[in-house]
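Since the structure comes first, as structure tokens, the remarks are kept for the end.
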Amino acid sequence: MKSFKLFLASASALAFSSMAGATDLEVTHWWTSGGEAAAVAEFAKAFEATGNKWIDGAIAGGGSTARPVMVSRITGGSPMGATQFNTGRQAEELVEAGLMRDFTDLAEKEHWKDVIRPASLLEGCTVDGKVYCVPVNIHSWQWLWLSNKAFEDAGVPVPTNWDEFVAAGPALEKAGKIPLAIGGQSWQTTGTFNVLIPAIAGKDVFLKVYQDHDAEVAAGPEIAKVFKAADDARRMSAKSNVQDWNQATNLVITGQAGGQIMGDWAQGEFQVAGQVAGEDYTCLPGLGVNELISTGGDSFYFPKLDDPDKTAAQEVLASTMLSPATQVSFNLKKGSVPVRGDVDVSAANDCMKKGLEILAKGDIIPDTNQLNTEDTNNQLNDLFVEFFKTPALTPEEAQKRYAAIIASAD
8 MKSFKLFLAS ASALAFSSMA GATDLEVTHW WTSGGEAAAV AEFAKAFEAT
58 GNKWIDGAIA GGGSTARPVM VSRITGGSPM GATQFNTGRQ AEELVEAGLM
108 RDFTDLAEKE HWKDVIRPAS LLEGCTVDGK VYCVPVNIHS WQWLWLSNKA
158 FEDAGVPVPT NWDEFVAAGP ALEKAGKIPL AIGGQSWQTT GTFNVLIPAI
208 AGKDVFLKVY QDHDAEVAAG PEIAKVFKAA DDARRMSAKS NVQDWNQATN
258 LVITGQAGGQ IMGDWAQGEF QVAGQVAGED YTCLPGLGVN ELISTGGDSF
308 YFPKLDDPDK TAAQEVLAST MLSPATQVSF NLKKGSVPVR GDVDVSAAND
358 CMKKGLEILA KGDIIPDTNQ LNTEDTNNQL NDLFVEFFKT PALTPEEAQK
408 RYAAIIASAD
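When we follow the numbering used here, the leftmost residue of the sequence shown carries the number 8, and every step to the right adds one.
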């Protein structure tokens, strides 16, 4: 019976499209790595199975490069059919300007509120009671990915937590390895720091800083411990000279680096490389210290268009992205967790299963994109790219600047 229900739900998008007719629809996103490309191909395949055509608008360079291009097109009168943003506040001003479609009717028709879990994902798409986007996955930043081969070559056990990882740094360096791989994109260094907060200082401190904007806590002793850990990360990553996040992941995959702090989208790269979780690589949620996952991810927004055929195709795409079958096929390739709580994820690998177990226990924190404005995130990016590239910038001075950013956040 369950399989029959899933079939009916997946077939609804097909019925939808046969009424609307075939239409080309441009979809912009920043998924360009090997694992990401494999995942987005699942969306394209499912949409084209409805009789429509996916026009791929991939923008290389990550979200920080792609988002300004996307926003410029939408505000400049040349909107695409659909576009990716991270779940949270990134498209807030576009919604408030009346440039994005309201999908409340479709959400109610397909009972999104009943199947999307956790509820905060749909809440992140909701403005003044109306739904403006489709959440497609749950991505968590809170992971340390380790190369089993690198530690074997260095003659030390694979670490089980952050402290053991830091302690293994000298042995890795002696073996010619980069202890910690970090790319040069600014969001990677900010992400590293934000992962260290709940691992080192705990969930409550994370929420006081980013949810409550408590500048006193940001300037206090618990965050000072986090800056000490960030200083360790800076030292361990000093010889990591790649730019893109997936290049840093490849250093781990090939055993050139000991580890990488990165979101669970890194799993897609390990899969494309044919590596097996628990055999070739190890994953530590919460850095093996405080097992939490953040409930961030990606959502698709649909700009208002004048073409009625494309408007109809937008609804087909939205429905297709949330269909049970597409949710499973896409997220298994992406390394993320489906947003639907009613789908079969028995094919998940060991790392995804760890994430699902943590999610089921409710050990979660909001993603910073759900709490911070783009302006705050950009200020943090500027600070941490400077911190990681400038050894002369002390943890104490960096913390003062960090606290000032938190004090001015809205």
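Backbone N, C-alpha and C define an ideal beta-carbon position, used for all residues, glycine too.
- Lys137 carries a strand assignment under DSSP once its states are collapsed to helix, strand and coil.
- Considering only Ala226, Glu43 and Lys137, the residue with the shortest C-alpha distance to Ala414 is Ala226.
- Secondary structure of Glu33 (DSSP, three-state): strand.
- Spatial neighbours of Lys407 in its own chain (CB-CB distance under 8 angstroms, excluding positions within 5 residues in sequence) are listed in chain order as Ala226.
- Taking 7 angstroms as the cut-off, the Cβ atoms of Trp194 and Asp271 do not count as close.
- For Pro292, the enclosing beta strand (DSSP E) stretches over residues Tyr288 to Pro292.
- Annotated as distal: Thr57 and Val279, with beta-carbon spacing of 7 angstroms or more.
- With contacts defined as CB atoms closer than 7 angstroms, Asp239 and Val143 fail to qualify as a contacting pair.
- The beta carbon of Gln254 is closer than 7 angstroms to those of Gly190 in its chain, skipping five residues each way along the sequence.
- Two segments are said to touch when three or more pairs of C-beta atoms, one from each, lie closer than 8 angstroms; by this definition the segment 279-294 touches the segment 162-169.
- Taking 7 angstroms as the cut-off, the Cβ atoms of Ala188 and Ala264 count as close.
- For the 7 angstroms CB-CB criterion, Phe337 and Val141 do not form a contact.
- If you draw a 10 Å sphere on the C-beta of Val249, you find 16 or more other C-beta atoms in it, and that means buried.
- According to DSSP, Arg74 shares a beta bridge with no other residue.
- From the listed residues Asn201, Ser301, Val34 and Ile268, the smallest Cα separation to Pro373 is found for Ser301.
- Here the segment 358-371 makes no contact with the segment 380-398; the two share fewer than three CB pairs at distances below 8 angstroms.
- By the Cβ test, the segment 119-128 is in contact with the segment 332-349, since at least three Cβ pairs between them sit closer than 8 angstroms.
- Assigned with DSSP and collapsed to three states, Ser301 falls in strand.
- For Pro86, the number of other beta carbons within 10 angstroms of its own is at least 16, and it is reported as buried.
- Trp61 is bridged by DSSP to Leu32.
- Gly69 sits buried, since 16 or more C-beta atoms from the chains shown fall within 10 Å of its C-beta.
- Taking the C-beta atoms as reference points, Met107 is found no nearer than 7 angstroms to Leu113.
- Residue burial annotation: Val259 is buried, with at least 16 other C-beta atoms found within 10 angstroms of its C-beta.
- Fewer than three beta-carbon pairs drawn from the segment 152-167 and the segment 208-221 are found closer than 8 angstroms, and the two stretches are therefore not classed as touching.
- Secondary structure of Ser154 (DSSP, three-state): strand.
- If you look at Thr90, you'll find it in the beta strand (DSSP E) that goes Ala89 to Asn93.
- Under the three-state reduction of DSSP, Phe172 is assigned to helix.
- In this chain, the beta strand (DSSP E) harbouring Ile185 covers Ile185 to Leu187.
- Going by beta carbons, Leu203 and Ala182 fall outside the 7 angstroms limit.
- For Gly265, the enclosing beta strand (DSSP E) starts and ends at Ala264 to Ile268.
- Within the segment 190-239, not a single complete beta strand (DSSP E) segment reaches 3 residues in length.
- Per the coordinates, the alpha-carbon of Ala354 lies some 11 angstroms from the alpha-carbon of Lys340.
- Closest in alpha carbon position to Leu32, among Ala48, Lys52, Gly41 and Asp63, is Asp63.
- Ile413 has no beta-bridge partner at all, per DSSP.
- When only Cα atoms are considered, Asp314 and Met269 end up about 40 angstroms apart.
- Contact annotation: Phe200 and Phe391 have beta-carbon atoms nearer than 7 angstroms.
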